[in-house]
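Novice: Dropping a structure here in structure tokens format, bear with me for questions.
Printed below as a string of structure tokens:
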């Protein structure tokens, strides 16, 4: 509780216009890896925690909180084994009210400062409507995941609940 109060004080002292904008390497190294390893991570209002089933139960505009003109939101996502299957490129939202479709081809490796791939980034675009009449929206998501080798090297048991990822959801300029 004391720590939460201290973190809130830090946020109040930040200058106007401050934005949380980590690089891919920072997001994976300092946030995702620390979360998976059980180390301290930023306060909950910087990166919220959500289960994949909850994330894909509603359209993106019903999951994020609009305040202060923000257009990017970050989530620690509990990923179950279905989402570790890279062959799944479409994720249905709710009862078919929309879907996230993987775009930009297969996952992109994230390289550390030595040039080694240590995580993967997946790009998604949100479409409203059903598969027969979809409408592309301005919602984008980048999903960052550690490879299964990370979990096995650290001797983590990855069960049916799967692992953890970080999602960056963004509403680009436009209507939807």
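Residue numbers (the UniProt record's numbering): 1 to 176. Heads up, the beta-carbon is just placed ideally off N, CA and C, and yes, glycines get one too.
Closest to residue 107 by CA distance: which of 147, 71 and 33 is it?
Specialist: Nearest of 147, 71 and 33 to residue 107, Cα basis: 147.
Novice: Just reading off the alpha helix (DSSP H) that residue 57 is part of, what are its end residues?
Specialist: From DSSP, residue 57 is part of no alpha helix (DSSP H); its letter is neither H nor E.
Novice: What runs of the beta strand (DSSP E), each 3 residues or longer, lie entirely inside the UniProt domain "NAC" (14 to 172)?
Specialist: Fully enclosed beta strand (DSSP E) runs of 3 or longer: 47 to 51, 72 to 79, 90 to 93, 98 to 111, 117 to 128, 135 to 145 and 163 to 171.
Novice: Am I right that residue 143 and residue 122 are in contact with their C-beta atoms under 8 Å? What's the rounded C-beta distance?
Specialist: Yes, residue 143 and residue 122 are in contact; Cβ-Cβ is about 4 Å, under 8 Å.
Novice: So which of 109, 130, 52 and 113 has the shortest CA-CA distance to residue 120?
Specialist: That would be 109, whose Cα lies nearest to the Cα of residue 120.
Novice: Report all residues from its chain with a CB closer than 8 Å to the CB of residue 113; omit the five preceding and five following residues, and keep chain order.
Specialist: Hits under 8 Å: 25.
Novice: Would you mind sorting residue 124 into buried or exposed? The rule is 16 or more other CB atoms within 10 Å of its CB.
Specialist: With 16 or more other Cβ atoms within 10 Å, it is buried.
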